[in-house]
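Sequential numbering from 22 applies to the sequence shown in my numbering.
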Amino acid sequence: MCDLVKQETERIDSRFLEPACGTGNFLTEILARKLSVVKSEYGRSPLEYEKYSLLAISSLYGVDIMADNVETCRERLYKQWDKQYRAVCKKECNDDTRKSVRFILSRNIVCGNALTLKCVDENCNDTEQDIVFSEWAFVFGSNIQRSDYSFDELVNGNKEKASQLTLSDSTEGEGTFLRKYICNYRRLWENG
């Protein structure tokens, strides 16, 4: 399946959404391919590897209705990333970067119903809360920008909700902008 989109799996910043991610089988394979590219292009510089491996993991998104699947998926992706991170960066590994990766996964792998585009409660019932995804982009060297978007607006272009929310400078079809944060990529976890 992944070979059908091979070119995209080899782009570090190419985004992937798994709307029924389960425990992460598809996403872990995509991450493995992305980390392989990061290692081949940036493996000689621990700092560059750290930055681009974080970018690779920030481009993966998943939704599952079962909370235990979401936790398992997040943990699998984190362990896969951390194993490669330790192998490449060795003594230069940074705990703040690890916290940032965990934070990214908490924003990108979410418990919700991809059919209704709503978050779910502990009984897997829809809530009123929309699923919100974060887009991550490096700006100004080591600073990363997080922009939050409603999944409903991204998928449906829901104009009724769009009128209720603060919009960004985004163009038609990019979704409704909810919030924006900019900080050093090692400090993402401080901006929950």
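Cβ coordinates follow ideal geometry from the N, Cα and C atoms, glycine included.
Predicted, not measured: the structure shown is a model, and the values here were computed from it.
Can you name, in chain order, every residue of its own chain whose Cβ lies under 6 Å from the Cβ of residue i, other than the five neighbours on each side?
i   : result
Y63 : E69, Y70, Y73
V84 : P40, V131, G133, A135
F47 : E39
I86 : N134, V141, C145
Step through the CB atoms of chain B and report whether any lies within less than 8 Å of the CB of residue i.
i    : result
L126 : In the structure shown, chain B does not exist; there is a single protein chain.
By the three-class DSSP mapping on this structure, what secondary structure does residue i have?
i    : result
S35  : coil
E214 : Residue 214 is absent from the structure shown; the chain starts at 22 and stops at 213.
N144 : coil
I51  : helix
N10  : Coverage of the chain is limited to positions 22 through 213, which leaves residue 10 absent and any answer about it impossible.
R208 : helix
R65  : coil
S74  : helix
I86  : coil
C42  : coil
S57  : helix
S79  : helix
V171 : Reading off the sequence, residue 171 comes out as Ser, not Val. If DSSP states are grouped into helix, strand and coil, S171 belongs with the strands.
Where residue i and residue j are concerned, what is the direct C-alpha to C-alpha distance, given to the nearest angstrom?
i    : j    : result
T30  : C145 : 31 Å
R119 : R208 : 10 Å
T93  : S66  : 31 Å
N90  : C42  : 8 Å
G162 : E156 : 17 Å
A88  : Q28  : 32 Å
S121 : K139 : 25 Å
I165 : Y202 : 8 Å
S171 : L56  : 28 Å
V58  : R36  : 15 Å
R97  : V160 : 28 Å
E174 : S168 : 14 Å
C110 : R95  : 22 Å
A158 : N205 : 11 Å
N177 : E143 : 26 Å
S61  : Y106 : 13 Å
F154 : N212 : 15 Å
So, at 7 Å on beta carbons, what are the nonlocal neighbours of residue i in its own chain, with the 5 sequence-adjacent residues on each side left out?
i   : result
I33 : K55, V58, V59, Y73, L76, A77
T44 : N90, T93, C94, R97
Ordered along the chain, which non-local residues of its own chain (more than five positions away) have a Cβ less than 8 Å from that of residue i?
i    : result
W210 : D117, K120, S121, R123, F124
T137 : D147
Taking only heavy atoms of the ligand MG into account, decide whether any of them is closer than 7 Å to the Cβ of residue i.
i   : result
C42 : The ligand MG is not part of this structure, which contains no ligands at all.
Q: Please confirm if the stretch 150-162 is in contact with the stretch 103-120, defined as three or more CB-CB distances below 8 Å between the two stretches.
A: no
Q. So does the stretch 78-85 actually touch the stretch 117-131, counting three or more Cβ pairs closer than 8 Å?
A. yes
(Q) I'd like to know if the stretch 52-59 and the stretch 88-104 are in contact, where contact means that at least 3 CB-CB pairs between them fall below 8 Å. (A) yes
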